[in-house]
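Undergrad: According to my numbering, the residues represented by the sequence shown are 722 to 1121, in order.
Have a look at the structure that comes next, please.
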Amino acid sequence: MKKTVLLLIAIFLILPGVLFFNPVTQGADMKTLTIHYHRYNGQYQGWSLWTWVDQTSREVISEKRDDFGLVFKLSIEKYPPPGNIGLLPKYKNWELKDDPNRLWSRSMPTEIWILESIEAIFSEPPDTKPSIHRAFLDSPHKVTLVFTNSIRSAQATSLRPVFSLRNDVEIKGEKCLLIPYGSDSSKIVEVTTSQTLSVDSLPGEVHVEGFKPIGIYLRGILDQPEFITDEPLGAFYSKQLTKFSVYSPAATEVTLNLYDLPEGGDASLIKLKKGKNGIWKTELPGDLIGKYYTYTVDGLSQDFDPKREIVDPYARCVTTHDGRSLIFEDDTPIVKSPSFPFQDAVIYEMHVRDFSIGENSGMTNKGKYLAFTEIGTKLPGTDLSTGIDHLVELGINTIQ
């Protein structure tokens, strides 16, 4: 579980997300959002666009097809502000969907372009030539390439990728196999090397003839013992000093931005030092209770943005999900959790608000954490249990 959490947080810090658009000021007459959608195989029959904002969702059918791909138009007025409008291409009755979700904010242009399998939203037509979408370092001798278009098995054997690494080192790919193994065609190609690839040899790029070079991202390599730790992460306060610890193995520089206020004001900048297991640390003397902080991170790929402030993923108190973390002392007693073998866990995933917000939930603290403290709640007019009692009846013993 610890390894999985660290991997997710590493990805969080590695890929802050980039949307390629220029903010614009929209006039009152800009009521229509036009979305151009490109699929690399040119197959569009049966594809539509699922759209949503908060509780409003609807399917949009393409009005036409142009040289780029399908063209969708939607009325912005039908999507209540201020929320972002979600965009997800889907095939027929959800037999397929083109992840990830794209989010259009109201500061973006009202004519945009999106590409198959790519999160970015473009303000002008992007290049649609076949390319390598991602290159993942999965082990010291394995890199997984994800292409935008399918590669035939015969083509895979002739790819001959070359990895350009730090200090002008070059390593050649020895063997290329389609994933799943034995496939006739696939977008995923596994490349093995006889020479060792390590995090210390990055940043680097993959070069394949006929495709643009692309940077190498960390993925499965983070399962190696040197990137696994049980060391506590976050901010640890005492009156004498506060310790900061954050996991980001792909980072080349991590800066702590310390603020007096939850919003605005100037930050004191403190560089963290890289330690073992991909952990960056610093200690600040003095009583910092009530102060706020964020991190800025630079790293091994172009997706790092050293100017973008991010919240500490291990913070126990934040102003908003993308705001600042609060340094505080929490002496609230915590009840000891039940003890049972991990393999006996029956896990139920839920949203705090959705758990109790319903009119018929029978709970007083609707949509709040306090709803989890209520017992004996019933569906009004019935003997049917709601809330925690209902989860117990289902046999659930672990909540995510």
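Idealized CB from N, CA, C, for every residue including glycine.
Might you give, ordered along the chain, the residues of its own chain that have their beta carbon closer than 6 Å to the beta carbon of Ala877, omitting 5 neighbours on each side?
TA: As a first step, residue 877 must be located in the sequence shown, where it is residue number 156. Same-chain partners within the cutoff: Cys897, Leu899 and Val910.
Undergrad: Mind checking Thr815: buried by the 16 CB within 10 Å criterion, or exposed?
TA: Taking the sequence shown and counting its residues from 1, one reaches residue 815 at position 94. For the sequence presented, residue 815 should be read as Trp rather than Thr. That one is exposed.
Undergrad: Give me the DSSP bridge partner(s) of Cys897.
TA: Numbered from its first residue, the sequence shown carries residue 897 at position 176. Val912.
Undergrad: Please classify His759 as buried or exposed, where buried requires at least 16 neighbouring CB atoms within 10 angstroms.
TA: By one-based count along the sequence shown, residue 759 stands at place 38. So His759 ends up on the buried side.
Undergrad: Could you tell me which whole beta strand (DSSP E) segments of length 3 or greater appear in the segment 784 to 852?
TA: The segment 784 to 852 contains these whole beta strand (DSSP E) runs: 791 to 796, 806 to 812, 823 to 825 and 832 to 836.
Undergrad: Is the Cβ-Cβ distance between Tyr1016 and Val1039 less than 9 Å?
TA: The residue you call residue 1016 lines up with position 295 of the sequence shown. The residue you call residue 1039 lines up with position 318 of the sequence shown. The answer is no: Cβ separation not under 9 Å.
Undergrad: Which one of Asp859, Pro810, Lys1002 and Asp1043 has the shortest CA to CA distance from Leu836?
TA: Counting from one through the sequence shown, the residue named residue 836 turns up at place 115. Ranking Asp859, Pro810, Lys1002 and Asp1043 by Cα distance to Leu836 puts Pro810 first.
Undergrad: State the start and end residues of the unbroken alpha helix (DSSP H) segment that holds Arg779.
TA: What you label residue 779 is simply residue 58 of the sequence shown in a count that begins at 1. Unbroken run through Arg779 is the beta strand (DSSP E), Thr777 to Val781; no alpha helix (DSSP H).
Undergrad: So, with DSSP's three-state summary, where would you put Glu1114?
TA: If you number the sequence shown from 1, residue 1114 lands on position 393. Helix, per DSSP.
Undergrad: Provide the residue(s) that pair with Asn1124 in DSSP beta bridges, ordered along the chain.
TA: Any property of residue 1124 remains undetermined from this structure, which presents the chain solely from 722 to 1121.
Undergrad: If you run the structure through DSSP and keep just helix, strand and coil, what is Val920?
TA: Along the sequence shown, read from residue 1 onward, the residue named residue 920 stands at position 199. Helix.
Undergrad: Would Val920 pass as a contact of Leu939 if the rule is Cβ separation under 9 Å?
TA: Here residue 920 corresponds to residue number 199 of the sequence shown, with the count starting at 1. Here residue 939 corresponds to residue number 218 of the sequence shown, with the count starting at 1. Going by C-beta atoms, Val920 is nearer than 9 Å to Leu939.
Undergrad: State the DSSP-derived secondary structure class of Leu943, mapped to helix, strand or coil.
TA: For the purposes of this step, residue 943 is taken as residue 222 along the sequence shown, with counting starting at 1. Leu943: helix per DSSP, three-state reduction.
Undergrad: Tell me whether Met829 is buried or exposed, calling it buried when 16 or more other Cβ atoms sit within 10 Å of its Cβ.
TA: The residue you call residue 829 lines up with position 108 of the sequence shown. Met829 is buried by the Cβ-count criterion.
Undergrad: With which residues is Ser769 paired in a DSSP beta bridge?
TA: Sequence index remark: in the sequence shown, residue 769 carries index 48 (1-based). DSSP output for Ser769 lists Lys811 as bridge partner(s).
Undergrad: Please state whether DSSP places Val1039 in a helix, a strand or coil.
TA: Working through the sequence shown from its first residue, we reach residue 1039 at position 318. Here Val1039 sits in strand by DSSP.
Undergrad: Can Ser915 and His862 be called in contact, C-beta distance under 9 Å?
TA: Here residue 915 is taken as the residue at index 194 of the sequence shown, counted from 1. Here residue 862 is taken as the residue at index 141 of the sequence shown, counted from 1. Yes, Cβ-Cβ distance for Ser915 and His862 is below 9 Å.
Undergrad: For Phe1061 and Pro970, what's the separation of their Cα atoms in angstroms?
TA: One-based indexing of the sequence shown puts residue 1061 at position 340. One-based indexing of the sequence shown puts residue 970 at position 249. Looking at the two C-alpha atoms, the distance is approximately 32 Å.
Undergrad: Starting from Val1073 and walking both ways along the alpha helix (DSSP H), at which residues does that stretch end?
TA: Counted from its first residue, the sequence shown places residue 1073 at position 352. Here the alpha helix (DSSP H) through Val1073 covers Val1073 to Ser1077.
Undergrad: For Gly1044, tell me which candidate among Phe1076, Tyr1014 and Gln1064 has the shortest Cα-Cα distance.
TA: Against the sequence shown, residue 1044 aligns to sequence position 323. Among Phe1076, Tyr1014 and Gln1064, the Cα nearest to that of Gly1044 is on Tyr1014.
Undergrad: Do you know offhand how far Ser954's Cα is from Val1018's?
TA: One-based indexing of the sequence shown puts residue 954 at position 233. One-based indexing of the sequence shown puts residue 1018 at position 297. Ser is not the amino acid found at residue 954; the sequence shown has Leu there. Those two C-alpha atoms are separated by around 16 Å.
Undergrad: Should Pro1034 go down as buried or exposed, given a rule of 16 or more other Cβ atoms within 10 Å for buried?
TA: Within the sequence shown, numbered from 1, the residue matching residue 1034 stands at position 313. That one is buried.
Undergrad: Select from Glu784, Asp775, Asp787 and Asn1081 the residue whose C-alpha is nearest the C-alpha of Leu824.
TA: Translated into the one-based positions of the sequence shown, residue 824 becomes position 103. Measuring from the Cα of Leu824, the nearest candidate turns out to be Asp775.
Undergrad: Could you name the residues of the same chain whose beta carbon sits closer than 8 Å to that of Ile833, not counting the 5 residues immediately before and after it, in chain order?
TA: Against the sequence shown, residue 833 aligns to sequence position 112. Taken in chain order, the residues that qualify are Phe742, Leu754, Thr755, Ile756, His757, Trp825, Ile842, Phe843 and Ser844.
Undergrad: Run the CB neighbour count on Ala956, radius 10 Å, all protein chains shown included, and call it buried at 16 or more, exposed below.
TA: Position 235 of the sequence shown, counted from the start, is the residue given in the question as residue 956. The residue is buried, with at least 16 neighbouring Cβ atoms inside 10 Å.
Undergrad: Counting pairs of Cβ atoms below 8 Å between the segment 1069 to 1083 and the segment 1094 to 1107, do you hit three or more?
TA: Taking 8 Å as the limit for Cβ pairs, the verdict is that the segment 1094 to 1107 does touch the segment 1069 to 1083.
Undergrad: For the candidate residues Val975, Lys992 and Lys997, whose alpha-carbon lies nearest to that of Asp951?
TA: Here residue 951 refers to the residue found at position 230 of the sequence shown. Among Val975, Lys992 and Lys997, the Cα nearest to that of Asp951 belongs to Lys997.
Undergrad: Does the distance from the CB of Leu979 to the CB of Lys1002 come in under 9 Å?
TA: Here residue 979 is taken as the residue at index 258 of the sequence shown, counted from 1. Here residue 1002 is taken as the residue at index 281 of the sequence shown, counted from 1. Cβ atoms of Leu979 and Lys1002: not closer than 9 Å.
Undergrad: On the criterion of 16 or more Cβ atoms from any shown chain inside 10 Å, does Val1067 qualify as buried, or is it exposed?
TA: One-based indexing of the sequence shown puts residue 1067 at position 346. It is exposed - the Cβ of Val1067 has fewer than 16 other Cβ atoms within 10 Å.
Undergrad: Which residue or residues does DSSP assign as beta-bridge partners of Arg1029?
TA: Translated into positions along the sequence shown, residue 1029 becomes position 308. DSSP lists no partner for Arg1029.
Undergrad: On the DSSP bridge assignment, give the partners of Thr753 in chain order.
TA: Translated into the one-based positions of the sequence shown, residue 753 becomes position 32. For Thr753, which the question treats as bridged, DSSP gives the partners Ser796.
Undergrad: Which first and last residues belong to the beta strand (DSSP E) in which Ser871 is found?
TA: Along the sequence shown, one-based indexing puts residue 871 at 150. Note, Ser871: beta strand (DSSP E), Lys863 to Arg873.
Undergrad: Starting from the C-beta of Val890, find all residues in its chain whose C-beta is less than 8 Å away, skip the five residues before and the five after it, and write them out in chain order.
TA: Reading the sequence shown from its first residue, position 169 is the one you call residue 890. So the qualifying residues of the chain are Ser922.
Undergrad: At what residues does the beta strand (DSSP E) containing Ser966 begin and finish?
TA: What you label residue 966 is simply residue 245 of the sequence shown in a count that begins at 1. Leu962 to Tyr968 is the span of the beta strand (DSSP E), which, as asked, contains Ser966.
Undergrad: State the Cα-Cα distance for the pair Asn805 and Asp1008, rounded to the nearest angstrom.
TA: Walking along the sequence shown from the start, residue 805 turns up at place 84. Walking along the sequence shown from the start, residue 1008 turns up at place 287. Roughly 40 Å between the two C-alpha positions.
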